[in-house]
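Here's the structure we're looking at; comments come further down.
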Amino acid sequence: MPFGRDIIREKAYKLMQLSLYLSYIYYRRLFAKGDLLTIAVLITAMAGALYVLYLHYVSWSWLLILFPLATLSYHNSREDLPLLCTHPHYRSVLLGEYGIENLPFILLLIGKGDYLWAALYFFGLCLIPWLTQRQLTIPYPFSLSDPLWHTTFRKYKLLFSLPFLIGLVVIAGVYNNPNLALFAFGAMGIVCCMPYFEREHPSYITIAAQRGKDYLHSQLIAGIKNTALVFSPLGLTYLICFGIDEIAVLFLCLGVAIVGVLTKYAFFNQPLPQSFAIMAIFLGVFYIFPLLLLPYFYFLAIQNIQKYQHVTDKSLRKELPR
2 MPFGRDIIRE
12 KAYKLMQLSL
22 YLSYIYYRRL
32 FAKGDLLTIA
42 VLITAMAGAL
52 YVLYLHYVSW
62 SWLLILFPLA
72 TLSYHNSRED
82 LPLLCTHPHY
92 RSVLLGEYGI
102 ENLPFILLLI
112 GKGDYLWAAL
122 YFFGLCLIPW
132 LTQRQLTIPY
142 PFSLSDPLWH
152 TTFRKYKLLF
162 SLPFLIGLVV
172 IAGVYNNPNL
182 ALFAFGAMGI
192 VCCMPYFERE
202 HPSYITIAAQ
212 RGKDYLHSQL
222 IAGIKNTALV
232 FSPLGLTYLI
242 CFGIDEIAVL
252 FLCLGVAIVG
262 VLTKYAFFNQ
272 PLPQSFAIMA
282 IFLGVFYIFP
292 LLLLPYFYFL
302 AIQNIQKYQH
312 VTDKSLRKEL
322 PR
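Just so you know, the sequence shown maps onto residues 2 to 323 in this note's numbering.
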């Protein structure tokens with residue numbers, strides 16, 4: 002008969018084994034089975050990121066808050082939680098998994114002597130397994146002329162990036178670093194481009210009341226309204242922190258919608274060239290030349306829209322009695 006201590010040790014071993022397996026599943030999404038090169042790249046990237054954080058700990062230690070928040074988001078959205086709840090010690094299993102996934106960052110805090118923050122970090126991880134999942138429904142006040150803004154922001158939870166970017170602008174104001182604020186605007190520009198990588202079904206274009214350039218103009222107006230809505234809190238924070246210095250950047254942000262709409266319909270069936278076009282325009286915006294491509298994209302977008310609408314027009318004309 003095994004002693005009580007041996008039974009406890011065996012149970013702890015099985016729980017840790019299950020936690021390690023769940024951690025493997027968590028990271029398994031990032032690489033294919035047996036892809037040693039990708040695994041090596043991921044380990045090297047994490048080690049490099051930890052080393053950079055260690056060297057610039059005073060300036061960048063606030064980034065560590067993102068990792069427990071990512072764990073909380075993962076816990077709230079994981080689909081295997083109802084199945085795990087059937088395990089009698091599922092909270093211990095989850096705590097072991099989250100502890101393994103966050104161990105490098107806790108060790109970083111300990112290595113820097115921030116024992117209080119390390120303890121608070123671990124205490125926060127201990128609370129997460131006790132939280133119930135809640136599906137947050139956020140009302141998005143976007144223009145319904147482009148419903149893909151609603152679906153994309155809901156699908157990828159893009160609105161959660163707004164508080165983080167506002168925090169970056171505040172930090173930039175505290176340290177008088179406008180470049181960091183401009184980085185936040187650039188990141189928000191990338192977020193606002195995400196809806197334009199989604200595609201409505203061609204039949205939606207076909208049955209639209211607007212024809213040709215009128216349809217394109219309605220999408221441009223909706224895009225500018227939605228972009229202005231997203232950038233408003235970021236711009237207000239910028240004005241509070243920096244005043245009217247370099248205020249022109251706030252108006253440049255509206256160009257994100259113009260570039261997104263034109264490239265979307267210019268490369269309606271080719272998302273990869275659309276990515277290259279957006280990248281070229283954003284990287285070369287201060288050199289003017291890439292902006293000269295916008296009239297061409299405008300012409301190409303109208304052509305592609307008319308191509309889908311003229312297909313129906315021709316079929317309708319065939320059905321009309323002579």
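C-beta: ideal position from N, C-alpha, C; glycine also.
The C-alpha of Asn178 lies about 22 Å from the C-alpha of Tyr55. The alpha-carbon of Phe283 is positioned some 37 Å away from that of Leu110. Using a Cβ-Cβ distance cut-off of 8 Å, the region 83-100 and the region 11-30 are in contact, since at least three pairs of beta carbons, one from each stretch, lie closer than that value.
For Cys127, the closest alpha carbon among the candidates Leu295, Gly49, Phe143 and Asn103 is that of Asn103. In the DSSP assignment, His151 falls within the unbroken alpha helix (DSSP H) covering Leu149 to Tyr157. The region 230-249 and the region 261-276 do not touch, with fewer than three beta-carbon pairs separated by less than 8 Å.
Gln18 sits in a helix when the DSSP states are folded into three classes. Here Leu31 carries a coil assignment [DSSP, helix/strand/coil]. Across the set Ser146, Phe161 and Thr72, the C-alpha of Thr72 shows the shortest separation from the C-alpha of Phe123. A Cβ-Cβ separation of about 4 Å places Pro196 in contact with Thr153 under the 8 Å criterion. Sorting Glu80, Leu82, Arg212 and Met47 by C-alpha distance to the C-alpha of Lys308 places Arg212 at the top. For Ser276, the enclosing alpha helix (DSSP H) stretches over residues Pro272 to Leu284. Around the beta-carbon of Leu235, 16 or more other beta-carbon atoms lie within 10 Å, marking it buried. Annotated three-state conformation of Ala223 is helix, per DSSP.
Counting C-beta atoms within 10 angstroms of its own C-beta, Val42 has fewer than 16 neighbours from the protein chains shown and is therefore classed as exposed. Membership of Pro203 in the alpha helix (DSSP H) is indicated by the continuous run Pro203 to Thr207. By the criterion of a C-beta distance shorter than 8 Å, Pro105 is surrounded in its chain by Met47 and Leu51, once the five residues flanking it on both sides are discounted.
Asn77 places its beta carbon less than 8 Å from that of Arg135. Here the alpha carbons of Tyr266 and Phe290 stand approximately 21 Å from one another. In its chain, beyond the 5 residues on either side, Val250 have a beta carbon closer than 7 Å to the beta carbon of Leu183. In its chain, beyond the 5 residues on either side, Ala185, Ala188, Met189 and Leu235 have a beta carbon closer than 7 Å to the beta carbon of Leu166. Annotated three-state conformation of Leu217 is helix, per DSSP. Only residues of its own chain outside the window of five on either side were considered, and among them Leu263 have a CB closer than 6 Å to the CB of Tyr299, listed in chain order. Around the beta-carbon of Pro69, 16 or more other beta-carbon atoms lie within 10 Å, marking it buried. Within the same chain, Met195 come within 8 Å of Tyr157 by CB-CB distance, once the 5 residues on both sides are set aside.
Between Ala119 and Asn305, the alpha-carbon positions lie close to 56 Å from each other.
The alpha-carbon separation between Val286 and Ile248 amounts to approximately 17 Å. Assignment of Thr133 by DSSP, reduced to helix, strand and coil, places it in the coil class. Closest option to Val175, judged by alpha-carbon separation, among Tyr116, Ile241, Leu16 and Ile129: Ile241. In the DSSP assignment, Ser74 falls within the unbroken alpha helix (DSSP H) covering Leu67 to Ser78.
If you look at Leu183, you'll find it in the alpha helix (DSSP H) that goes Pro179 to Cys194. Straight across, the Cα-Cα distance linking Trp150 with Phe198 is about 11 Å.
Contact annotation: Ala278 and Phe269 have beta-carbon atoms that are not nearer than 8 Å.
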